[in-house]
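Engineer: Each number in my numbering corresponds to the 1-based position in the sequence shown with 2 added.
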Amino acid sequence: MGPVEVLATTPPERCVAPVAHAVDGATGRFSGYASLFGVADLSGDIILPGAFAASLRRRGLDGVKLLYQHDVREPIGRWLSVREDATGLFVEGELQLQVARAAEAWALLRSGILDGLSIGFRAMRADRNRAGGHRHLTEIDLWEVSLVTFPMQPGARVTEVRGGEASVGAVAARRLPNGPSQPLARTIRRAAGRLKTSLR
Numbered sequence: 003m004g005p006v007e008v009l010a011t012t013p014p015e016r017c018v019a020p021v022a023h024a025v026d027g028a029t030g031r032f033s034g035y036a037s038l039f040g041v042a043d044l045s046g047d048i049i050l051p052g053a054f055a056a057s058l059r060r061r062g063l064d065g066v067k068l069l070y071q072h073d074v075r076e077p078i079g080r081w082l083s084v085r086e087d088a089t090g091l092f093v094e095g096e097l098q099l100q101v102a103r104a105a106e107a108w109a110l111l112r113s114g115i116l117d118g119l120s121i122g123f124r125a126m127r128a129d130r131n132r133a134g135g136h137r138h139l140t141e142i143d144l145w146e147v148s149l150v151t152f153p154m155q156p157g158a159r160v161t162e163v164r165g166g167e168a169s170v171g172a173v174a175a176r177r178l179p180n181g182p183s184q185p186l187a188r189t190i191r192r193a194a195g196r197l198k199t200s201l202r
């Protein structure tokens, strides 16, 4: 099955309408990988290729919201493109810079301080690997992608900020390091276990 892509045609009629590629000058545009295929996140979930396809066809762009830190009260822009490729779920978004939170997020993106992407979804089909303890997700209902400080999947990052201070290499190299970061990873895992909804 080939890649599934949803593209925006005309801007939605609303006043206020959101890592790994680009954030564009004054436009607030950016792109990145919101999810990586075949890579376990901190809760043990592994998303397989094609898991987003049905949801993208059903929801379209307007059905996938761009939020700040998974907060439904904080939409900060809109998605221009959401598609699967060989690596994972690639997204291109545009921040609504007239919104205060979006302007703050834009400043953090440009400085390289904020670079995480994370998905909010409902698992539709999954297989449990008893040996490894992983859950393999084969179909999920995607309802939002957020800019976040700590993504559940550490590799889901913004990788380039056009016109900002962070370069592709600098941002892409940011991961939870070994050693001292392990307590942080364990804390995130424990918090994930207490969540009642599947937020990634």
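We treat Cβ as the ideally placed atom computed from N, Cα and C, and that holds for glycine. Predicted model only: the values in this text are computed from it and were never measured.
(1) For E162, name the three-state secondary structure that DSSP assigns.
(2) What ranges does the beta strand (DSSP E) occupy inside the region 127-154, keeping only unbroken runs of at least 3 residues that lie completely in it?
(3) Between which two residues does the beta strand (DSSP E) harbouring L97 extend?
(4) Could you compute how far the alpha carbon of A125 sits from the alpha carbon of V66?
(5) Okay, do the region 55-65 and the region 29-47 touch, 3+ Cβ pairs below 8 Å being the bar?
(6) Distance check for R127 and E162, CA to CA, integer angstroms please.
(7) Taking the alpha-carbon positions, what's the T89 to G134 distance?
(8) Output needed for G157: all residues of its chain with C-beta closer than 8 Å, excluding positions within five of it in sequence on either side, in chain order.
(9) Does the distance from the CB of S33 to the CB of F92 come in under 9 Å?
(10) Quick check on DSSP: helix, strand or coil for D73?
(11) Can you tell me the Cα-Cα spacing of R130 and D143, whole angstroms?
(12) Pick out whichever of R31, V74, T140, V160 has its Cα sitting closest to the Cα of W81.
(13) Whose C-beta lies closer than 7 Å to the C-beta of A105 among residues of the same chain, with five residues either side of it excluded?
(14) One question on the structure: do G114 and V147 come within less than 9 Å of each other, judged by their Cβ atoms?
Structural biologist: Let's see:
(1) The residue labelled residue 162 in the question sits at position 160 within the sequence shown. DSSP places E162 in coil when its eight states are reduced to three.
(2) 136-150
(3) One-based indexing of the sequence shown puts residue 97 at position 95. First-last of the beta strand (DSSP E) with L97: 90-97.
(4) For the purposes of this step, residue 125 is taken as residue 123 along the sequence shown, with counting starting at 1. For the purposes of this step, residue 66 is taken as residue 64 along the sequence shown, with counting starting at 1. The alpha-carbon atoms of A125 and V66 are separated by roughly 15 Å.
(5) no
(6) By 1-based counting over the sequence shown, the position of residue 162 is 160. By 1-based counting over the sequence shown, the position of residue 127 is 125. So the alpha carbons of these two residues sit roughly 33 Å apart.
(7) The sequence position of residue 89 within the sequence shown is 87, counting from 1. The sequence position of residue 134 within the sequence shown is 132, counting from 1. Between T89 and G134, the C-alpha separation is close to 22 Å.
(8) Here residue 157 is taken as the residue at index 155 of the sequence shown, counted from 1. Hits under 8 Å: Y35, L38, V41, R177.
(9) As a working mapping, residue 33 is identified with position 31 in the sequence shown. As a working mapping, residue 92 is identified with position 90 in the sequence shown. Yes, Cβ-Cβ distance for S33 and F92 is below 9 Å.
(10) Taking the sequence shown and counting its residues from 1, the one referred to as residue 73 is at position 71. Correct three-state label for D73: strand.
(11) Position 128 of the sequence shown, counted from the first residue, corresponds to residue 130. Position 141 of the sequence shown, counted from the first residue, corresponds to residue 143. Distance between the alpha carbons of R130 and D143: 18 Å.
(12) Indexing the sequence shown from 1 puts residue 81 at position 79. The residue with the shortest Cα to Cα distance from W81 is R31.
(13) Within the sequence shown, numbered from 1, the residue matching residue 105 stands at position 103. Within the same chain, A105 has close Cβ partners L99.
(14) Here residue 114 is taken as the residue at index 112 of the sequence shown, counted from 1. Here residue 147 is taken as the residue at index 145 of the sequence shown, counted from 1. For G114 and V147, no; Cβs fall outside 9 Å.
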